[in-house]
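Q:
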Amino acid sequence: MSRRDPERRRADVAGDARRSDARVGDRSFADPRRAIGRAHARDVDAMPPVGARVAEAQIAAFEAWIADGMPAGTCAVDDPWSTPVQCTSMRTWTDGDDKSPEMKPGGTCVSCHAREADEPLFWAAGTVYPTAHEPDDCNGADTRGAAIVEITDAEGRVSRLAPNRAGNFFLVRPSDEDDDEDEVEPGGALATQFAYPYTVRVLYEGRERAMLTPQTSGDCNACHTTAGTNGAPGRILLP
1 MSRRDPERRR ADVAGDARRS DARVGDRSFA DPRRAIGRAH ARDVDAMPPV GARVAEAQIA
61 AFEAWIADGM PAGTCAVDDP WSTPVQCTSM RTWTDGDDKS PEMKPGGTCV SCHAREADEP
121 LFWAAGTVYP TAHEPDDCNG ADTRGAAIVE ITDAEGRVSR LAPNRAGNFF LVRPSDEDDD
181 EDEVEPGGAL ATQFAYPYTV RVLYEGRERA MLTPQTSGDC NACHTTAGTN GAPGRILLP
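Read in UniProt numbering, the sequence shown has 49 at position 49, and its numbers run on one by one without any break.
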C-alpha cells in the first residue's frame, strides 16, 4: 500500500485511517471515508531526506481510493526499483578516456573532471536511465530531447537540461579560458552562477520524478549507482 510499507494490508491502512485525524495542508481527513492514514502521510512527506518521492499520479490515485471508501481490490502497481541489473540500451561506452559528451555514462562526471582538471567542469552532472539498476558505461535513456532534467539552485535559478543520446546531462561552470571554451555540447547547459544546495526534477511525457531534499553535491552518479548508495534506490530513473 505504501512505498515504505509494501506488505501492509488494506485492513491495516483502513484501521490507521479511521483512528487518525491527519491533515494534508489545511484539509482535514477526520471522516473515515477521507482519512489518509499513515501510509498516505509518509508518501507525501519529504522525509527521509534522500531518495525519490512517490509520483504525484500515485498519490492522486491513493487519495481517490480513500475518497471512494477504500474498496477492496488488487494492487497492480509495479515497483520501478524492483528490476534486475541490465543494460537496456545494449550500447556501452568503449572509448576509455576519449573526450565526448557521451563518455562514461553512469560514472562520476563531476569528481573525475575536477580530479583531472579537465574542462569542462560541472556544477552538477549525471545520467538518466530507463531502468533502475543499469551498469556503469551502459548508455542511458535516449529520449531524443523529450526528457528534461530541471535543476533549481538555492537562489531560485532554474536550468533545464535535455540529456543526450547516452542519457548524460551536465550543468557547466564557466571556463577560465576564452569564451570559445564555453560552447556547451549536447546534454549540457551553461550556468555562469550557481548556489548550493539545489533541488532537481526529471520531466518526461507529462510525468515527473523529483528529489525534494536540497542537495549539496552535484555528482549525481556518486549516489545513483547501479545498486544505489547513501540512500539512493539506484540510478536516476525516468518517471
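Backbone N, C-alpha and C fix where the C-beta goes; we use that ideal spot for every residue, glycine too.
Would the region 135-150 count as touching the region 97-116 if we require 3 or more Cβ pairs under 8 Å?
A: At 8 Å Cβ cutoff, the stretches touch.
Q: For the alpha helix (DSSP H) that residue 243 lies in, which residues bound it at each end?
A: There is simply no residue 243 to check, as the chain begins at 1 and stops at 239 in what is shown.
Q: Are three or more beta carbon pairs between the region 185-195 and the region 76-86 nearer than 8 Å?
A: No contact exists between the region 185-195 and the region 76-86.
Q: Cβ atoms of A132 and L237: under 8 Å apart, would you say?
A: Translated into positions along the sequence shown, residue 237 becomes position 237. Translated into positions along the sequence shown, residue 132 becomes position 132. Against a cut-off of 8 Å, the Cβ pair of A132 and L237 comes out as a contact.
Q: Can you tell me where the beta strand (DSSP E) with A189 in it begins and where it stops?
A: Counting from one through the sequence shown, the residue named residue 189 turns up at place 189. A189 -> beta strand (DSSP E) spans G188 to L190.
Q: Which two residues bound the contiguous beta strand (DSSP E) that contains N168?
A: In the sequence shown, residue 168 corresponds to position 168, counting from 1. Run containing N168: N168 to V172, per the beta strand (DSSP E) assignment.
Q: Contact check, R201 vs Y129 under 8 Å by CB: the rounded distance?
A: Position 201 of the sequence shown, counted from the start, is the residue given in the question as residue 201. Position 129 of the sequence shown, counted from the start, is the residue given in the question as residue 129. No, R201 and Y129 are not in contact; Cβ-Cβ is about 16 Å, not under 8 Å.
Q: Does the separation of the CB atoms of T127 and G167 fall below 8 Å?
A: Mapped onto the sequence shown, residue 127 falls at position 127. Mapped onto the sequence shown, residue 167 falls at position 167. Going by C-beta atoms, T127 is nearer than 8 Å to G167.
Q: At which residues does the alpha helix (DSSP H) containing A222 begin and terminate?
A: Within the sequence shown, residue 222 is the residue found at index 222, counting from 1. Unbroken alpha helix (DSSP H) run through A222: C220 to C223.
Q: Are the CB atoms of G231 and V110 within a distance shorter than 8 Å?
A: In the sequence shown, residue 110 corresponds to position 110, counting from 1. In the sequence shown, residue 231 corresponds to position 231, counting from 1. No; because the gap between Cβ atoms is not below 8 Å, this pair is not in contact.
Q: Going by C-alpha distance, which of D97, R165, T92 and A154 is nearest G145?
A: Within the sequence shown, numbered from 1, the residue matching residue 145 stands at position 145. Among D97, R165, T92 and A154, the Cα nearest to that of G145 is on R165.
Q: DSSP has M211 in a bridge; who is on the other side?
A: Start at 1 with the first residue of the sequence shown, and residue 211 comes out as number 211. BP columns for M211 point to V200.
Q: Can you say whether E134 is buried or exposed, counting buried as having 16 or more other CB atoms within 10 angstroms of its CB?
A: As a position in the sequence shown, residue 134 is number 134, starting the count at 1. E134 should be labelled buried.
Q: For G126, write down the residues that DSSP places opposite it in a beta bridge.
A: In the sequence shown, counting from the first residue as 1, residue 126 sits at position 126. Per DSSP, F169.
Q: Over the uninterrupted beta strand (DSSP E) stretch that includes S111, give me the two end residues.
A: On the sequence shown, residue 111 is found 111 positions in, with the first residue counted as 1. Taken as a continuous stretch (DSSP letters only), S111 belongs to no beta strand (DSSP E), being part of the alpha helix (DSSP H) at C109 to R115.
Q: Verify the contact flag: D98, CB atom, against every heavy atom of the ligand GTP, threshold strictly below 7 Å.
A: In the structure shown, the ligand GTP is absent, as is every other ligand, since no ligand is present at all.
Q: Keeping to the same chain, check which residues put their C-beta closer than 6 Å to that of D176; ignore five residues upstream and five downstream.
A: Within the sequence shown, numbered from 1, the residue matching residue 176 stands at position 176. Counting only Cβ-Cβ distances below 6 Å, and skipping sequence neighbours, we find nothing.
Q: Between the alpha carbons of V149 and A117, how many angstroms are there, rounded?
A: Position 149 of the sequence shown, counted from the start, is the residue given in the question as residue 149. Position 117 of the sequence shown, counted from the start, is the residue given in the question as residue 117. Whole-angstrom Cα-Cα distance: 25 Å.
Q: For E150, which beta-bridge partners are listed by DSSP?
A: Within the sequence shown, the letter at position 150 stands for residue 150. Paired residues: R160 and R201.
Q: Provide the residue(s) that pair with L237 in DSSP beta bridges, ordered along the chain.
A: Taking the first residue of the sequence shown as 1, we reach residue 237 at position 237. Answer is Y129.
Q: Using 10 angstroms around the beta-carbon of P163, count the other beta-carbons present and answer buried if the total reaches 16, otherwise exposed.
A: Sequence index remark: in the sequence shown, residue 163 carries index 163 (1-based). That one is buried.
Q: Measuring alpha carbon to alpha carbon, tell me which of E185, R207 and W81 ends up nearest I59.
A: Residue mapping note: residue 59 aligns to position 59 of the sequence shown, counting from 1. Among E185, R207 and W81, the Cα nearest to that of I59 belongs to R207.
Q: Whose C-beta lies closer than 7 Å to the C-beta of N221 among residues of the same chain, with five residues either side of it excluded?
A: Indexing the sequence shown from 1 puts residue 221 at position 221. Correct list, in chain order: G106, G107, T108, C109, G126 and T127.
Q: CB P101 to CB P186, shorter than 8 Å?
A: Taking the first residue of the sequence shown as position 1, residue 101 is located at position 101. Taking the first residue of the sequence shown as position 1, residue 186 is located at position 186. Yes.
Q: Does the separation of the CB atoms of V172 and V184 fall below 8 Å?
A: Position 172 of the sequence shown holds residue 172. Position 184 of the sequence shown holds residue 184. Yes, these two residues count as a Cβ contact at 8 Å.
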